[in-house]
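Okay, structure first, notes after.
Residue numbers (the numbering used here), protein chains in the order written: chain A, 156 to 458; chain B, 2 to 320.
Put into structure tokens, the structure is as follows:
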């Protein structure tokens, strides 16, 4: 049996180390507080315009101008009723439908055509591939203005202005190099053994693509779909160029018309319409924010 | 973490083919399959990109109003550009926007990315919150909101007056529309921030620890470790944001109600091109404008890539 001896010096050591530990903890906590306060201030500034838009859409116009506050004093849905009323006899839901048609069409076109193209670049070896790959990447840096005029002339000659064809055809022909690049990068990280084994078993490229690649690249397809939907939804230049009659207008174009037509001071209705035009994007953001943020991070870094 | 865009490697792609004849057969099959899979893109590339580019180059030397046949005018369009005051104004506006807006946006992105690159909790939420403007910022909705925020007696005006600045709003004042649009692009710092953040995470902590042992302060660590290690990502963001900035259209169109005003202060390059091409139907003149833009962006890209050898440091391995 050993006797427990009391050593005063160790006790002092323990006490000081505990105290030091506490101090370190306190410092860390203080640092955390400073960090969160700092970041929250930035968050507040960054989110303010979006919140202000949403809150203003519930306010009467007289209460929007000059009111910095985010608290609606007498909120109502009057603005939304006005916005949903549509413009010039065309209802809001027509614009909404048109936007949905184009966005869904873009998603289908881009996921199908870009995945097929990416498979060719990432997994099939054939002469000319590298040249085409460089050209494909080159289109990423090319300002689209250089092709827009001849494209417009061609579609105009073919009588396709004021249809959705000019807005969708590029999506079905993998014209968005961003998505092709994203999918090529993703496919390159999939193990090669899979398709090699399938080839030895006699599978052709169609088989390998549909039953091996497509299921594995679901994350890339989901990311692409979300971005394709949102970008199509927010697109302004294309519809501005090609859509002439209000019954074909998408929401951004309708929104612009709405702002031009409502009296200058009816900010409430304009805000309500702006909010309505952004609802799908905001919903997508809330549901898929992780995909969106990480999609951007990986796109910039893999290589 | 390098941003080299390499072509797909040809190695280790064929399953070890036994006889030459069999290799030839699979090779032919691969070629057919390759072009079959590439068919939609090839069609799109030739019909929607390469063909139109050639056509646009031709149109740039013609006078064409969409109705008659294009008539060849040689270098007239380009000569006219040099003396067109609106065109020169468009360059002034666009150049200012690119030169001032892009660096400020990237500095904001880097600053917030560094703030978030810490061990505190809640980063996921913050990252997403900062990313939201990048997603909605180019939309017509936000352009309208932005305009409403900066009108006379609007929220910005009210805040400004609280701090003693004179009232009047920014929208109607030619000298204030540029700061307003720059603020809008800076507000969308989320996308480059996320890329910066991913880059910051790849910097080994040991480098900072070693530097701390050697007595380096925060500034030294930032300039000697963070910046060099981050330079490939910095290069990528700079190139992308610059090219992007040259092509601003939506917000300028909405904020000026499709006029480029007040006093031509928002007459951006693409806006002016749109006016000439699709409002006045001067397709030849607009094509010339488009080609000048392509050449300028091309030159800027080449300068960036050339200069990158001096300041972009790729760490030994290239993945």
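We put the beta carbon where it would ideally sit given N, CA and C, even for glycine.
All of these numbers come straight from a predicted model, not from anything done at the bench.
Item, Value
"Under 8 angstroms from the C-beta of residue 389 of chain A: neighbouring residues of chain B", "137, 139, 140 and 141"
"Chain-ordered chain B contacts of residue 176 of chain A [CB-CB under 8 angstroms]", "The contacting residues do not exist; residue 176 of chain A stays about 18 angstroms from chain B at best."
"Residue burial classification, residue 253 of chain B (beta-carbon count within 10 angstroms, cutoff 16)", "buried"
"Rounded C-alpha distance that separates residue 326 of chain A from residue 371 of chain A", "22 angstroms"
"Among B/44, B/273, B/173 and B/176, nearest to residue 248 of chain B - alpha-carbon criterion", "B/273"
"Minimum Cβ-Cβ distance from residue 10 of chain B to chain A less than 7 angstroms", "For residue 10 of chain B, the predicted structure reports a pLDDT of 48, less than 50, and the residue's modelled location is therefore unreliable. A value from the coordinates is still provided. Residue 10 of chain B does not count as touching chain A."
"Residue 136 of chain B beta carbon less than 7 angstroms from that of residue 440 of chain A", "yes"
"Range of the contiguous alpha helix (DSSP H) that encloses residue 110 of chain B", "103–117"
"Neighbourhood of residue 279 of chain A by C-beta, 8 angstroms cutoff - its chain only, sequence neighbours within 5 removed", "360"
"Pairwise C-alpha distance: residue 230 of chain B and residue 206 of chain B", "12 angstroms"
"Interface flag, residue 452 of chain A vs chain B, CB-CB below 7 angstroms", "yes"
"Chain-ordered neighbours of residue 248 of chain B on chain A, where CB pairs are closer than 7 angstroms", "298"
"Residue 63 of chain B - partner residues in DSSP beta bridges", "B/73"
"Contact list for the region 195–212 of chain A against chain B, Cβ threshold 8 angstroms", "197, 198, 201, 202, 204, 205, 207, 208 and 211"
"Proximity test, Cβ basis, 7 angstroms: residue 456 of chain A and chain B", "Interpretation of residue 456 of chain A is limited by its pLDDT of 48, a score under 50 that renders its predicted location unreliable; no figure is taken from the coordinates."
"Neighbourhood of residue 459 of chain A by C-beta distance below 7 angstroms, restricted to the same chain and skipping five residues each side", "Here chain A covers residues 156 to 458 and nothing more, so residue 459 of chain A does not appear."
"Best match in B/128, B/204 and B/228 for proximity to residue 113 of chain B [C-alpha to C-alpha]", "B/128"
"Neighbour flag for residue 403 of chain A against chain B, beta carbons, 7 angstroms", "no"
"Neighbouring residues, chain A, relative to residue 271 of chain B (Cβ below 7 angstroms)", "300"
"Integer Cβ distance of residue 157 of chain B from residue 233 of chain B, believed to fall under 8 angstroms", "So it is not a contact: roughly 37 angstroms between Cβ atoms."
"DSSP state of residue 223 of chain A mapped onto helix, strand, coil", "coil"
"Pairwise C-alpha distance: residue 281 of chain B and residue 83 of chain B", "19 angstroms"
"Inter-stretch contact (C-beta, 8 angstroms, three-pair minimum) for the region 266–285 of chain A and the region 325–343 of chain A", "yes"
"When A/353, A/424, A/256 and A/182 are compared against residue 385 of chain A, the one with the closest alpha-carbon", "A/256"
"Presumed contact (8 angstroms Cβ cut-off) between residue 316 of chain A and residue 399 of chain A, rounded CB distance", "7 angstroms"
"Cβ neighbour criterion (16 or more within 10 Å) applied to residue 433 of chain A", "buried"
"Where residue 355 of chain A falls, given that 16 or more other Cβ within 10 Å makes a residue buried", "exposed"
"Nearest-angstrom Cβ-Cβ length linking residue 238 of chain A and residue 409 of chain A, presumed shorter than 8 angstroms", "Actually they are not in contact, since the Cβ atoms of residue 238 of chain A and residue 409 of chain A sit about 10 angstroms apart, beyond 8 angstroms."
"Inter-residue CB distance, residue 63 of chain B and residue 73 of chain B (contact presumed, cutoff 8 angstroms)", "5 angstroms"
"Short Cβ contact (7 angstroms threshold) for residue 448 of chain A with residue 195 of chain B", "yes"
"Contact with chain A by residue 154 of chain B, beta-carbon distance below 7 angstroms", "yes"
"Proximal residues to residue 267 of chain A (C-beta, below 8 angstroms), its chain only, five neighbours per side dropped", "327"
"Residue 404 of chain A to residue 210 of chain B span [Cα, whole Å]", "58 angstroms"
"Identified DSSP bridge partners for residue 245 of chain A", "A/242"
"Interface flag, residue 42 of chain B vs chain A, CB-CB below 7 angstroms", "yes"
"Cβ shell of residue 261 of chain B (< 6 angstroms), same chain only, five flanking positions each side left out", "267, 268 and 272"
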